[in-house]
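Step one of this worksheet: look at the structure below.
Residue numbers (this note's numbering): 11 to 354.
And the structure:
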């Protein structure tokens, strides 16, 4: 046997050992976030130039985003109004501009705009299984159900009146629908609770109180429900995600340095959990402003984004939505003030 052939056999054997070793580690070690060095290509790329905002128009702070029944992207924005601190006193004067913009997911063109003089401080946005749009307003202390064209179908809470009983909210943050039609509201900046309503808006139950123990919250900022009825809460102030069954029974808590501080949470059509890791940047490094993709058991399987104002980066990521084709849309508040589209 020649020297070159011997070397090739040795190299092949070493490669085989390396592959086996990698397979063994992959089977025993939960997936982790890709290193910041960029040695591993990001699992998503930003779509440059999406959307096409009309000339002379500024989005302002983008606080909520959803995918409607036609696949278009609904952007819930604050237009000319700003909110930079949770301690601010909020005006209940309606925003003059349209606060909901509907963009074509494919072309990025503006399809429709509504919500002028209707909302005072937009926050969360989601679309239910019937195509209805759910919005929260932290200044009005209300939750709204609307049809795809913006006509109000149901209003929960009393306009401009905060409270902590069954008919009032105090700065509600987000809404999610369960598989049985139940509506879950994260409430919110001051009430630190989750409220469940029936499909017609009737009160069912509530759970949560201030604190850091199981079932306690410090700013429940985002909420999502999977097809099995499990409720996921982005417990922002406690830098964790809490998981409950459909009746509010505590199931699990996910937290850690790799998870960061969850601001928003959604269950994708693929069954994975998508999380915005926002806030605390750049004090904790440039990778704190990002999106994480989690398995149903809380393991990180992908991550993308970083702190910055270039395409594909975030300043203060606040909300996200996942489309049926796997595209991820991320909205920025504070100085970011934009919506970005990412594709696998």
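C-beta: ideal position from N, C-alpha, C; glycine also.
Query: Give, in chain order, every unbroken run of the beta strand (DSSP E) that is at least 3 residues long and sits entirely within the segment 122-196.; Result: 132-137, 143-147, 152-156, 162-166, 182-187
Query: Tell me the rounded alpha-carbon separation between residue 260 and residue 227.; Result: 12 Å
Query: For residue 346, name the three-state secondary structure that DSSP assigns.; Result: coil
Query: For residue 353, which three-state DSSP category applies?; Result: strand
Query: Are at least three pairs of beta-carbons, each pair with one atom in the segment 168-188 and one in the segment 219-235, less than 8 Å apart?; Result: yes
Query: Counting along the chain, where does the beta strand (DSSP E) carrying residue 58 start and finish?; Result: Taken as a continuous stretch (DSSP letters only), residue 58 belongs to no beta strand (DSSP E), as it is neither H nor E.
Query: Which of the three DSSP states, helix, strand or coil, is assigned to residue 247?; Result: helix
Query: Would you kindly work out how many angstroms separate the C-alpha atoms of residue 105 and residue 81, rounded to a whole number?; Result: 27 Å
Query: Taking 7 Å as the CB-CB limit, is residue 131 close to chain C?; Result: No chain C appears in the structure shown, which is made up of a single protein chain.
Query: I need the DSSP call for residue 215, collapsed to helix, strand or coil.; Result: strand
Query: Between the Cα of residue 435 and those of 191, 230, 241, 147, spot the shortest distance and give me the residue it belongs to.; Result: Here the chain covers residues 11 to 354 and nothing more, so residue 435 does not appear.
Query: Given residue 201, which residues of its chain have a CB within under 6 Å of its CB, disregarding the five upstream and five downstream residues?; Result: 174, 180
Query: Give me the DSSP bridge partner(s) of residue 91.; Result: Per DSSP, none; premise fails for residue 91.
Query: Would DSSP call residue 240 helix, strand or coil?; Result: coil
Query: In chain order, what residues of the same chain have a beta carbon less than 6 Å from the beta carbon of residue 352, not counting five sequence neighbours either side?; Result: 54, 56, 338
Query: Beta-carbon separation of residue 124 and residue 108 under 7 Å?; Result: yes
Query: Inspect the beta-carbon positions of residue 243 and residue 224 and report whether they are closer than 7 Å.; Result: no
Query: DSSP three-state call for residue 65: helix, strand or coil?; Result: coil
Query: With distance defined between alpha-carbon atoms, name the residue in 204, 76, 172 nearest to residue 332.; Result: 76
Query: What residues match up with residue 235 in a beta bridge as DSSP calls it?; Result: 241
Query: Using the beta-carbon count (16 or more within 10 Å), is residue 64 buried or exposed?; Result: exposed
Query: Going by DSSP, name the residue or residues bridged to residue 84.; Result: 76, 112
Query: Is DSSP giving residue 298 helix, strand or coil here?; Result: helix
Query: Between the segment 85-104 and the segment 152-161, do at least 3 Cβ pairs fall closer than 8 Å?; Result: no
Query: Could you tell me the distance, in whole angstroms, from the CA atom of residue 165 to the CA atom of residue 139?; Result: 18 Å
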